[in-house]
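**Q** Going down the list, the protein sequences come from chains A and B.
The first sequence begins at 11 in the working numbering and counts up one residue at a time.
The second sequence begins at 11 in the working numbering and counts up one residue at a time.
Glycine included, each C-beta is placed from N, C-alpha and C at the ideal position.
Quantities reported herein were computed from a predicted structural model and do not represent experimental measurements.
Protein chains: 2
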Amino acid sequence: MKNRNTQPKPLFINKENMCIALDLYQLTMAAGYFERSKNHTSTFELFVRKLPENRSYLVAAGLEQVVYYLNNLTFTDTYIQYLKNLPLFKNVSREFFRYLRNFCFQGDLFAVPEGTIVFANEPILRVTAPAIEAQIIETYLLSMINYQSMIASKASRVVYAAEGKEVIDFGTRRAHSPQAGILAARACFIGGCIGTSNVLTAYELGIPAIGTIAHSWIMAYDDEFTSYKDFQRVFPENTILLIDTYDTVKGAELAVKIGKRLKGVRLDSGDISLLSRKVRKILDNAGLEQVKITVSGDLNEYKISELLKKRAPIDSFGVGTEMVTSKDSPALNGVYKLVEQEVDGRVIPKMKLSEDKVAYPSTKQVYRFFDKNGRFKKDTVGLADEKYDAEALLLPIIRSGKLSYTIPTVREIQKFATGNFARLPEKFKKLDCGTSYQVLFSKRLREMKERISRNLIGFDKK
Amino acid sequence: MKNRNTQPKPLFINKENMCIALDLYQLTMAAGYFERSKNHTSTFELFVRKLPENRSYLVAAGLEQVVYYLNNLTFTDTYIQYLKNLPLFKNVSREFFRYLRNFCFQGDLFAVPEGTIVFANEPILRVTAPAIEAQIIETYLLSMINYQSMIASKASRVVYAAEGKEVIDFGTRRAHSPQAGILAARACFIGGCIGTSNVLTAYELGIPAIGTIAHSWIMAYDDEFTSYKDFQRVFPENTILLIDTYDTVKGAELAVKIGKRLKGVRLDSGDISLLSRKVRKILDNAGLEQVKITVSGDLNEYKISELLKKRAPIDSFGVGTEMVTSKDSPALNGVYKLVEQEVDGRVIPKMKLSEDKVAYPSTKQVYRFFDKNGRFKKDTVGLADEKYDAEALLLPIIRSGKLSYTIPTVREIQKFATGNFARLPEKFKKLDCGTSYQVLFSKRLREMKERISRNLIGFDKK
Numbered sequence: 011m012k013n014r015n016t017q018p019k020p021l022f023i024n025k026e027n028m029c030i031a032l033d034l035y036q037l038t039m040a041a042g043y044f045e046r047s048k049n050h051t052s053t054f055e056l057f058v059r060k061l062p063e064n065r066s067y068l069v070a071a072g073l074e075q076v077v078y079y080l081n082n083l084t085f086t087d088t089y090i091q092y093l094k095n096l097p098l099f100k101n102v103s104r105e106f107f108r109y110l111r112n113f114c115f116q117g118d119l120f121a122v123p124e125g126t127i128v129f130a131n132e133p134i135l136r137v138t139a140p141a142i143e144a145q146i147i148e149t150y151l152l153s154m155i156n157y158q159s160m161i162a163s164k165a166s167r168v169v170y171a172a173e174g175k176e177v178i179d180f181g182t183r184r185a186h187s188p189q190a191g192i193l194a195a196r197a198c199f200i201g202g203c204i205g206t207s208n209v210l211t212a213y214e215l216g217i218p219a220i221g222t223i224a225h226s227w228i229m230a231y232d233d234e235f236t237s238y239k240d241f242q243r244v245f246p247e248n249t250i251l252l253i254d255t256y257d258t259v260k261g262a263e264l265a266v267k268i269g270k271r272l273k274g275v276r277l278d279s280g281d282i283s284l285l286s287r288k289v290r291k292i293l294d295n296a297g298l299e300q301v302k303i304t305v306s307g308d309l310n311e312y313k314i315s316e317l318l319k320k321r322a323p324i325d326s327f328g329v330g331t332e333m334v335t336s337k338d339s340p341a342l343n344g345v346y347k348l349v350e351q352e353v354d355g356r357v358i359p360k361m362k363l364s365e366d367k368v369a370y371p372s373t374k375q376v377y378r379f380f381d382k383n384g385r386f387k388k389d390t391v392g393l394a395d396e397k398y399d400a401e402a403l404l405l406p407i408i409r410s411g412k413l414s415y416t417i418p419t420v421r422e423i424q425k426f427a428t429g430n431f432a433r434l435p436e437k438f439k440k441l442d443c444g445t446s447y448q449v450l451f452s453k454r455l456r457e458m459k460e461r462i463s464r465n466l467i468g469f470d471k472k
Numbered sequence: 011m012k013n014r015n016t017q018p019k020p021l022f023i024n025k026e027n028m029c030i031a032l033d034l035y036q037l038t039m040a041a042g043y044f045e046r047s048k049n050h051t052s053t054f055e056l057f058v059r060k061l062p063e064n065r066s067y068l069v070a071a072g073l074e075q076v077v078y079y080l081n082n083l084t085f086t087d088t089y090i091q092y093l094k095n096l097p098l099f100k101n102v103s104r105e106f107f108r109y110l111r112n113f114c115f116q117g118d119l120f121a122v123p124e125g126t127i128v129f130a131n132e133p134i135l136r137v138t139a140p141a142i143e144a145q146i147i148e149t150y151l152l153s154m155i156n157y158q159s160m161i162a163s164k165a166s167r168v169v170y171a172a173e174g175k176e177v178i179d180f181g182t183r184r185a186h187s188p189q190a191g192i193l194a195a196r197a198c199f200i201g202g203c204i205g206t207s208n209v210l211t212a213y214e215l216g217i218p219a220i221g222t223i224a225h226s227w228i229m230a231y232d233d234e235f236t237s238y239k240d241f242q243r244v245f246p247e248n249t250i251l252l253i254d255t256y257d258t259v260k261g262a263e264l265a266v267k268i269g270k271r272l273k274g275v276r277l278d279s280g281d282i283s284l285l286s287r288k289v290r291k292i293l294d295n296a297g298l299e300q301v302k303i304t305v306s307g308d309l310n311e312y313k314i315s316e317l318l319k320k321r322a323p324i325d326s327f328g329v330g331t332e333m334v335t336s337k338d339s340p341a342l343n344g345v346y347k348l349v350e351q352e353v354d355g356r357v358i359p360k361m362k363l364s365e366d367k368v369a370y371p372s373t374k375q376v377y378r379f380f381d382k383n384g385r386f387k388k389d390t391v392g393l394a395d396e397k398y399d400a401e402a403l404l405l406p407i408i409r410s411g412k413l414s415y416t417i418p419t420v421r422e423i424q425k426f427a428t429g430n431f432a433r434l435p436e437k438f439k440k441l442d443c444g445t446s447y448q449v450l451f452s453k454r455l456r457e458m459k460e461r462i463s464r465n466l467i468g469f470d471k472k
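1. How would you list, in chain order, the residues of chain A whose beta-carbon sits under 7 angstroms from the beta-carbon of His248(B)?
2. Going by beta-carbon coordinates alone, are Ile282(A) and Val301(A) separated by less than 8 angstroms?
3. Could you name the residues of chain A that Ser283(B) contacts, counting a contact when the two beta carbons are closer than 9 angstroms?
4. Quick check on Tyr131(B): buried or exposed, where buried means 16 or more other Cβ atoms within 10 Å of its Cβ?
5. Can you tell me whether Gly42(B) is buried or exposed? The criterion is at least 16 other CB atoms within 10 Å of its CB, across all chains shown.
6. Write down every uninterrupted run of the alpha helix (DSSP H) in the segment 127-193 of chain A whose length is 4 residues or greater and which is fully enclosed by it, in chain order.
7. How would you label Gly174(A), buried or exposed, when you count the other beta carbons within 10 angstroms and need 16 or more for buried?
8. Flag Asn208(B) as yes if its beta-carbon sits less than 8 angstroms from any beta-carbon of chain A, otherwise no.
9. DSSP state of Leu393(A), grouped into three classes?
10. Kindly indicate which three-state DSSP category Asp87(B) falls into: helix, strand or coil?
11. With a threshold of 8 angstroms between beta-carbons, can Arg183(B) be considered close to chain A, or not?
12. Tell me the rounded alpha-carbon separation between Lys19(A) and Asn82(A).
13. With the cut-off set at 8 angstroms, would you say Val102(B) and Val244(A) are in Cβ contact?
14. Candidates Ile90(A), Glu74(A), Gly444(A): which alpha carbon is nearest Arg111(A)'s?
15. With hydrogens ignored, establish whether the beta-carbon of Met28(B) is closer than 7 angstroms to any heavy atom of the ligand SAH.
16. Report the residue ranges of all alpha helix (DSSP H) runs contained in full by the segment 248-318 of chain B; include only those spanning at least 4 residues, in chain order.
17. What residues match up with Leu98(A) in a beta bridge as DSSP calls it?
18. Helix, strand or coil: how does DSSP classify Lys437(A) here?
19. Taking only the alpha-carbon atoms, compute the straight-line gap between Ala70(B) and Arg287(B) and give it to the nearest angstrom.
20. DSSP three-state label for Val329(A), please.
21. Looking only at DSSP bridge pairs, what is Gly205(B) linked to?
22. What residues from chain A crowd round Ile220(B), counting only those whose CB sits closer than 7 angstroms?
23. Take every Cβ of the segment 138-147 of chain B, pair it with every Cβ of the segment 105-121 of chain B, and state whether three or more of those distances are shorter than 8 angstroms.
24. Rounded to a whole number of angstroms, what is the C-alpha to C-alpha distance between Thr416(A) and Leu73(A)?
25. Using the beta-carbon of each residue, which ones in chain A are nearer than 7 angstroms to Asn27(B)?
26. For Ile217(A), which beta-bridge partners are listed by DSSP?
27. I need the straight-line Cα distance from Glu214(A) to Leu21(B), nearest angstrom please.
28. Could you give the C-beta distance for Leu93(B) and Leu151(B), rounded to a whole number, given that I count them as a contact under 8 angstroms?
29. For Arg183(A), which of Ala194(A), Glu176(A), Val177(A) has the nearest alpha-carbon?
30. Any idea which residues DSSP pairs Phe379(A) with across the strands?
31. Considering Cα atoms alone, identify which of Phe327(B), Thr258(B), Phe199(B), Asp395(B) is closest to Gly216(B).
32. Return no unless some Cβ of chain A is closer than 8 angstroms to the Cβ of Arg356(B).
33. Could you check how far apart the C-beta atoms of Gly344(B) and Leu56(B) are, in whole angstroms? I think they sit under 8 angstroms.
34. Just to confirm my understanding: we take Gly191(A), look at its own chain, exclude 5 residues before and 5 after, and list those with CB closer than 6 angstroms. What are they?
35. For Ala369(A), which of Met39(A), Lys60(A), Cys29(A), Arg104(A) has the nearest alpha-carbon?
36. Could you say which of Gly221(B), Phe451(B), Arg65(B) lies nearest to Ile389(B) if we only look at CA atoms?
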């Protein structure tokens, strides 16, 4: 049988196949720019039009993976052959495919450092490159920045709600694919989590891997206490016991029999506020004040906040599904838009007028103003060459294809994010925040937009 | 500086590192089972406790990637060394790591074929293997089955709403990571989409890659019509033009000037119902009745249904964000639970009693009953050895580690899914369905659960 799929496919992304991990139209446009000699230097900006519901800020994340992609993107013969054979490309010249074979990203990338707090309509990154290079990378850049920024932002909310108690990412099993689990663990760490259950992320990034036992461990025994003792024997310094398999209170009573070497207990079901209190009392009565209580089970920032409001004696939160899917707002609508082209030495600002989807033209910069205490006061999105007594957020990352930036470790990024967050005024941190941070467009930018809108409308009316 | 991250990391999953793409507790439990001689043959079942909101059925998907994983899972020295060095494992014997070094999955896998319609509490797959093998694979299995089943189910709803019009997956840029984009495209195809914008998925699975141009193509030109003509020159047989960049009606008026070679137009913004009607009229008046109208832009099953109710003259729908994130219900809470162990020749059914999280014990099968027209009548979840005049949904896929099943192509899976869906009674297909399909538990299973609950509670009271 033709096309018989005899071997199961893993559907991994790798260094070789990432060149076609994109939307087909990137390649038709690339071919079109090539064939019609329209490979002009172009600037695209990636930004979020509107913050997700309940969010009043975003934590930018995903840049490191974007840098990897841009610095390693090539088209090997296998994929070029596949594209050549698509009926769609039959009128496209051999030269285009030869161009692809020699493709490498030689443009410029500006971006806000990972961990930077950003808001709607602020460019998170900006690419300037020949049109084909800038176009082909759109899909991958969006998918990396959209997902990691969404998760870092969600994690930041969860960590904020936890008021200094530890938050751990437990989400891999509900993340949207194994790779999403890895990236989520990274983004959650940037957002302030202290570690992850995901071993591969811990390995890759050198961050803490955290975890002990599931219900199946307890269930593998005929009696619960033997399961506790056995675990304690194998992990004498890390005896954190899951105590809700049959009955949480009884589980706690058995756990205290482990004695001084018990390190913690985990509750994963039931009325956590009530049960954590009962468990704390059982622990304390047994003289085990140092034993920590971890809770898990469909937690989110609202539930954590509620638990802490009720003064539930919880030391750490394992958060999974809701954090790694950003469940209350599971898609970040980042877009990547052409804002400028240089044609025969002439710089032409670009914008579209589609209903409800108007954006600002030209190459921009984000200028952040601070109050006298060093807190964020307001941002101005202006042209890249404007001068303000403010911090310019977009930094040069890649220049003419070469990395011109020291990639920070994820711990450094977390530290940077924490510092950034500390400077965000308190009112924007509220979980149900209705308050919008002030992002203005500069006078020059507004005037340019006005002028171009008029011209475009004028043009259409001709 | 120590741990200096000089090279950016892609964070890909691959054949080598997938062994640690799991939650740490799978490995602590594995070590515990090993050290305490508890590596008994165990059966785990993967099922969804409760259907997501608005869903009345699920389309099972992800099995092919599970099979790849089970048949290729090994622990290389690099990762074993990493684990050995974790302080957590310092009391674990060298023998355990030697065991890991020789690890390969030698158990049995039963599963419903991909594309099968399933309901809450029905095992989608069942693993029987030594405890360590069955435990270690939990995270990866859940992440694959949860995500692909969720997306295939969502796509099935979108395709149903489209009433026979074409639906195309456009979602990669908003999927949760590049790999999620690939898997989503596959799951959407299983759910009935005719193709995807994702080139890598099209390449890997031999399905149609679909796409033409984005707004940037139009914006790269000084005038819209030249951009249309140029695209037509390069893609004479595939001239599908995006006409909403500046003004949809004017865009349509320019597009018809392309003449008979125009194949289609795409609308991506504005009042789609109204605009599609205006555009259809412009096309028809120009004698271009054959030209197709595609629409896109934050579509979902409800919006599509609404558009078709209003008789909007649309030929195909490009659906992205909402489909690949299952936006209205972005996490499928599949769980993987120990249901049975064999200890010294004795078969012991297992269950936990955690509040709200009780499951049924023992190795099960799903029996599906049909009415005289071949439509689904009801399902019974019973013990694996019960006999009914019904279809047993769980089939043997892997026996003692060896593939015993012919992996179907994704086109065959789509066909199978379509056939399965056709046999689902109409009332369960409604988009806002409140009707639950009847899933019963067999008498033997209910009695067993009752008996074990009593014993467990009895045990706890001791």
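**A** So, from the data block:
1. The sequence given here has Asn at residue 248(B), not His. What Asn248(B) touches in chain A: Leu98.
2. no
3. Within chain A, no residue comes near Ser283(B); the closest Cβ sits about 13 angstroms away, beyond 9 angstroms.
4. A small fix is needed here, since residue 131(B) is Asn in this sequence, not Tyr. Label assigned to Asn131(B): buried.
5. buried
6. 141-146, 148-171
7. exposed
8. yes
9. strand
10. helix
11. yes
12. 24 angstroms
13. yes
14. Ile90(A)
15. The ligand SAH is not among the ligands present in this structure, which contains no ligands whatsoever.
16. 258-265, 282-295
17. In the DSSP output, where bridge partners are listed per residue, Leu98(A) has none listed.
18. helix
19. 37 angstroms
20. strand
21. Ile178(B)
22. Leu34
23. yes
24. 12 angstroms
25. Leu210
26. DSSP output for Ile217(A) lists no bridge partner at all.
27. 8 angstroms
28. 20 angstroms between Cβ atoms; not a contact.
29. Ala194(A)
30. Lys388(A)
31. Phe199(B)
32. no
33. 6 angstroms
34. Thr182, Ala185, Asn208
35. Lys60(A)
36. The residue asked about is misnamed: residue 389(B) is Asp in this sequence, not Ile. The option with the nearest alpha carbon to Asp389(B) is Phe451(B).
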